[in-house]
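Visitor:
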Amino acid sequence: MSNQQPLLDRAALRRDRHCASLLCPPACMFTTPGYGEAWRWMLPLACTFLNECICLSMLYPFLGYMVLDFGLVESTNEAGLYVGYIASMFTLGQLLSGSFWGSASDRWGRRRVICIGLFNTMLLAPLFGLSRNLWQAMAVRFAMGLLSGNAAAAKAYIGEAVTPETQDMGFSLVAICWSIGNVCAASLGGFLSRPAVQFPNAFGGTIFESWPYLLPCTVAAAFAGIGCVVTLRFLPSQPRRSSGDATAVGGQSGQSGGPWGYVLRNRRCRDVFLIYFCISWLDYGMFEVYPLWAITSTAEGGLAWSPAQVGFTQMLGGPMLLLGNLVLLPALRRRIPSSLALQRFAICAMAIPGFALFPLAAACCAGDDGAATLAVLPAFFLRITSVGLIFTLSFQFINGVVDEGHRSMLGGVTGAAQQAGNVARFLTPSASAWLVAWANASPYRFPLDHTLPFTLFGVAWLAPLYFNLRLKAADVAA
């Protein structure tokens, strides 16, 4: 393993360690055999996950207004269907290419695939801000997803770099970065979109008045470029297997039909993938439902908030997710050592009430923005922290279902899981947006009125709970 360590002089190593101590908590300073100190891979992977979060979430605060500017609808209340079309294109691209990029990271190396994805994002993100019609926006989002294998490659890298003792911290990196990414995405999408409208003295008469969504997209592109540089500078190359081991494992992989063949032949893999599919559907569906509900008029059961107000609450979700993974997860782990039991607790005690209770805020506080914000936050806290815990544990399960005889195809299996999640992420924006539009126009009473999306989402959490109950601890142990 010694020939795989980064070749750095002592002065450079001390300087880099000092910089890392400013960016990473002490818990991230453990050493992994073959990978060196954990901050070396955590820092660039953090940039990767932040970029992924921004690409997915940045557009939600302003997408309803973007559709309105395209001239497709007369008010944001009617924008839901077209918003779903645009939002689903990124995940459609990742759906088609997920297993390819995962398997490519097994062959070419994780770092190369991650850098390719970040570079492509840097080039394509500004083009989304320059879109003038629905088809241009959909095409750019599709290309951004198709040419990015960042998530699969980065999660597979974590799966190889952690040990059973450090996997909570390692896989929490995804949720921790999403917490920070939610802040960045909400800020970019909510505060930097339509700058000539929100800040006419600063941006009136500039290029950003003609292209009202270019500014947040340009900032996102710059961040992707920074992430690419950080990945090239810090991310260690994977320790290589011996040629004999690689040949043996490759032969087994080929006979099993590749990653999807391995998944379909093992019940434990199917159950874990179904859990991941369900929680991806529910999480990304709520990303669609919540902003559309919040900007809906109070007469239709919403809060009549502006994009900035929606962005503010989503920005608060970042610290909440951070709190969930850095404080709640270790505290709950001490009381509930079993990962499967811990996931069940998060579903029953946190996710179900967190997803179902939002309409109460509109029922009691609609028209008073301050009171409505305070009423929304408790449900929003449960919604955010529960999903963070559940996803972190699911990433561990995906890593754990790949046995030692097939570890060389970990990237491919992780990419296949990403595809399963992307099926949900592709379908749920349109379905959720249609559901909100139907519920807003519904002439029926509860539960078929404007509260219907939240009621259905709360009940739907019983599906991943069922698949969790089918698993045993040995099924998800790496």
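Residue numbering for the sequence shown is -9 to 468, as defined by our numbering.
Glycine residues also receive a C-beta, built at the ideal position from the N, C-alpha and C atoms.
1) In this structure, how does DSSP classify Glu42 when only helix, strand and coil are distinguished?
2) Taking 6 Å as the limit between beta carbons, can you name the residues of its chain near Pro419, skipping five residues before and five after?
3) Considering only the alpha carbon of each residue, which of Glu394, Asp393 and Ser384 lies closest to Gly411?
4) Over the uninterrupted alpha helix (DSSP H) stretch that includes Ser227, give me the two end residues.
5) Please classify Arg97: is it buried, with 16 or more other beta-carbons within 10 angstroms of its beta-carbon, or exposed?
6) If you count every other CB in all the chains shown that lies within 10 Å of the CB of Pro327, and 16 or more means buried, which is it?
7) Where do the ends of the alpha helix (DSSP H) carrying Asn123 lie?
8) What number of angstroms, rounded off, separates the C-alpha of Ala165 from the C-alpha of Leu379?
9) Any contact between the stretch 126 to 139 and the stretch 340 to 355? By contact I mean 3 or more CB pairs, one from each, below 8 Å.
10) Applying the 10 Å Cβ sphere with the 16-neighbour rule, what's the burial state of Ile197?
11) Since Ile44 and Leu178 are thought to touch, with beta carbons under 8 Å apart, how far apart are those beta carbons, to the nearest angstrom?
12) Taking just the CA atoms, how far does Val103 sit from Leu293?
13) Let me make sure I understand the geometry here. Which of Ile269, Val366, Ser432 and Leu400 has the alpha-carbon closest to that of Val413?
14) Relative to the alpha-carbon of Lys145, which residue among Met128, Pro116, Gly390 and Pro206 has its alpha-carbon at the smallest distance?
15) Under 8 Å Cβ to Cβ from Leu461, same chain only, skipping five residues before and after it: list those, please.
16) Are the stretch 434 to 443 and the stretch 115 to 131 in contact at 8 Å, needing three or more beta carbon pairs?
17) Within its chain, find whatever has a CB closer than 6 Å to the CB of Ser183; leave out the 5 residues flanking it on each side and keep chain order.
18) By the 10 Å Cβ neighbour count, where 16 or more other Cβ atoms means buried, how is Phe189 classified, buried or exposed?
19) Quick check: the Cα distance between Arg459 and Leu222, rounded to an integer number of angstroms?
20) Whether or not the stretch 105 to 115 and the stretch 424 to 435 are in contact is what I'm after, with contact meaning three or more pairs of Cβ atoms, one per stretch, closer than 8 Å; do they touch?
21) I need the boundaries of the alpha helix (DSSP H) containing Ile148, first residue and last residue.
22) Beta carbon of Gly92, beta carbon of Pro249: below 8 Å?
23) Pull up the CB-CB distance for Gly88 and Gly405, whole angstroms please, since I reckon it's below 8 Å.
24) In whole angstroms, what is the alpha-carbon distance linking Met340 and Gly195?
25) Around the C-beta of Asn191, are 16 or more other C-beta atoms found within 10 angstroms, so that it is buried, or is it exposed?
26) Taking C-alpha atoms, which residue in Leu452, Ala467 and Met276 lies nearest to Tyr50?
27) Of the choices Met399, Val219, Leu124 and Leu311, whose alpha-carbon is the least far from that of Ser162?
28) For the candidate residues Trp125, Ala210, Pro454 and Leu350, whose alpha-carbon lies nearest to that of Phe267?
29) Can you give the beta carbon distance from Leu40 to Cys218, rounded, assuming they're within the 8 Å contact cut?
30) Is it the case that the Cβ atoms of Trp451 and Phe335 are separated by a distance below 8 Å?
31) Please report the distance separating the alpha-carbon of Ala127 from that of Gly149.
32) Restricting to runs no shorter than 4 residues, where is the alpha helix (DSSP H) found entirely within the stretch 152 to 210?
33) Is it true that the CB of Leu71 sits closer than 8 Å to the CB of Ala362?
Guide: The short version:
1) Taking the sequence shown and counting its residues from 1, the one referred to as residue 42 is at position 52. Glu42 falls in the helix class under three-state DSSP.
2) As a first step, residue 419 must be located in the sequence shown, where it is residue number 429. Take Pro419, set aside five residues on each side of it, and the residues of its chain with a beta-carbon closer than 6 Å to its own are Gly74, Ala77, Ser78 and Glu278, in chain order.
3) Locating residue 411 in the sequence shown gives position 421, where the first residue counts as 1. Taking only the C-alpha atoms, the option nearest Gly411 is Ser384.
4) Position 237 of the sequence shown, counting from 1, holds the residue named residue 227. No alpha helix (DSSP H) holds Ser227; DSSP gives it neither H nor E.
5) Indexing the sequence shown from 1 puts residue 97 at position 107. Under a 10 Å Cβ-count criterion, Arg97 is classified as exposed, with fewer than 16 other Cβ atoms of the shown protein chains found around its own Cβ.
6) Numbered from 1 along the sequence shown, position 337 holds the residue referred to as residue 327. With fewer than 16 Cβ atoms within 10 Å of its Cβ, Pro327 is classed as exposed.
7) Taking the first residue of the sequence shown as 1, we reach residue 123 at position 133. No alpha helix (DSSP H) holds Asn123; DSSP gives it neither H nor E.
8) By one-based count along the sequence shown, residue 165 stands at place 175. By one-based count along the sequence shown, residue 379 stands at place 389. Cα to Cα, the separation comes out at about 8 Å.
9) Because the criterion of three Cβ pairs below 8 Å is not met, the stretch 126 to 139 and the stretch 340 to 355 do not touch.
10) Along the sequence shown, read from residue 1 onward, the residue named residue 197 stands at position 207. A residue is called buried when at least 16 other Cβ atoms come within 10 angstroms of its Cβ; Ile197 does not meet this threshold and is exposed.
11) The count along the sequence shown starts at 1 and reaches residue 44 at position 54. The count along the sequence shown starts at 1 and reaches residue 178 at position 188. In this structure Ile44 is in contact with Leu178, their Cβ atoms being roughly 7 Å apart against a cut-off of 8 Å.
12) Taking the first residue of the sequence shown as 1, we reach residue 293 at position 303. Taking the first residue of the sequence shown as 1, we reach residue 103 at position 113. The straight-line gap from Cα to Cα measures roughly 42 Å.
13) Stepping through the sequence shown from its first residue, residue 413 is reached at position 423. Comparing Cα-Cα distances from Val413 to each of Ile269, Val366, Ser432 and Leu400, the minimum goes to Ile269.
14) Start at 1 with the first residue of the sequence shown, and residue 145 comes out as number 155. Answer by Cα proximity: Gly390.
15) Here residue 461 corresponds to residue number 471 of the sequence shown, with the count starting at 1. Excluding sequence neighbours, Leu461 sits near Arg258, Asp261, Val262, Leu330 and Phe387.
16) Using a Cβ-Cβ distance cut-off of 8 Å, the stretch 434 to 443 and the stretch 115 to 131 are not in contact, since fewer than three pairs of beta carbons, one from each stretch, lie closer than that value.
17) Stepping through the sequence shown from its first residue, residue 183 is reached at position 193. The residues Phe52, Tyr203 and Pro206, in chain order, have a CB closer than 6 Å to that of Ser183 in the same chain once the five nearest residues on each side in sequence are set aside.
18) Here residue 189 refers to the residue found at position 199 when the sequence shown is read from its first residue. With fewer than 16 other Cβ atoms from the protein chains shown falling within 10 Å of its own Cβ, Phe189 counts as exposed.
19) Along the sequence shown, read from residue 1 onward, the residue named residue 459 stands at position 469. Along the sequence shown, read from residue 1 onward, the residue named residue 222 stands at position 232. Sequence inspection shows Leu at residue 459; the Arg mentioned does not correspond to that position. The straight-line gap from Cα to Cα measures roughly 42 Å.
20) Flag = no, the stretch 424 to 435 and the stretch 105 to 115 do not touch.
21) One-based indexing of the sequence shown puts residue 148 at position 158. Start and end: Asn140 to Ala151.
22) For this step, residue 92 is matched to residue 102 along the sequence shown. For this step, residue 249 is matched to residue 259 along the sequence shown. The Cβ-Cβ distance between Gly92 and Pro249 falls below 8 Å.
23) If you number the sequence shown from 1, residue 88 lands on position 98. If you number the sequence shown from 1, residue 405 lands on position 415. About 5 Å; that satisfies the 8 Å criterion.
24) Here the question's residue 340 lines up with position 350 in the sequence shown. Here the question's residue 195 lines up with position 205 in the sequence shown. The C-alpha of Met340 lies about 47 Å from the C-alpha of Gly195.
25) Residue mapping note: residue 191 aligns to position 201 of the sequence shown, counting from 1. Per the 10 Å Cβ criterion, exposed.
26) Position 60 of the sequence shown holds residue 50. Of the listed residues, the one whose Cα sits closest to Tyr50 is Met276.
27) Reading the sequence shown from its first residue, position 172 is the one you call residue 162. With distances taken between Cα atoms, Ser162 lies closest to Leu311.
28) As a first step, residue 267 must be located in the sequence shown, where it is residue number 277. When only C-alpha atoms are compared, the closest one is Pro454.
29) Taking the sequence shown and counting its residues from 1, the one referred to as residue 40 is at position 50. Taking the sequence shown and counting its residues from 1, the one referred to as residue 218 is at position 228. Between Cys218 and Leu40 the Cβ distance is about 12 Å, and since that is not below 8 Å, they are no contact.
30) As a working mapping, residue 451 is identified with position 461 in the sequence shown. As a working mapping, residue 335 is identified with position 345 in the sequence shown. No, the pair does not count as a contact, with Cβ atoms beyond the cut-off.
31) Within the sequence shown, residue 127 is the residue found at index 137, counting from 1. Within the sequence shown, residue 149 is the residue found at index 159, counting from 1. Taking the straight line from one Cα to the other gives about 35 Å.
32) Qualifying alpha helix (DSSP H) stretches, in chain order: 157 to 176, 185 to 188, 190 to 193 and 197 to 200.
33) The residue labelled residue 362 in the question sits at position 372 within the sequence shown. The residue labelled residue 71 in the question sits at position 81 within the sequence shown. For the 8 Å CB-CB criterion, Ala362 and Leu71 do not form a contact.
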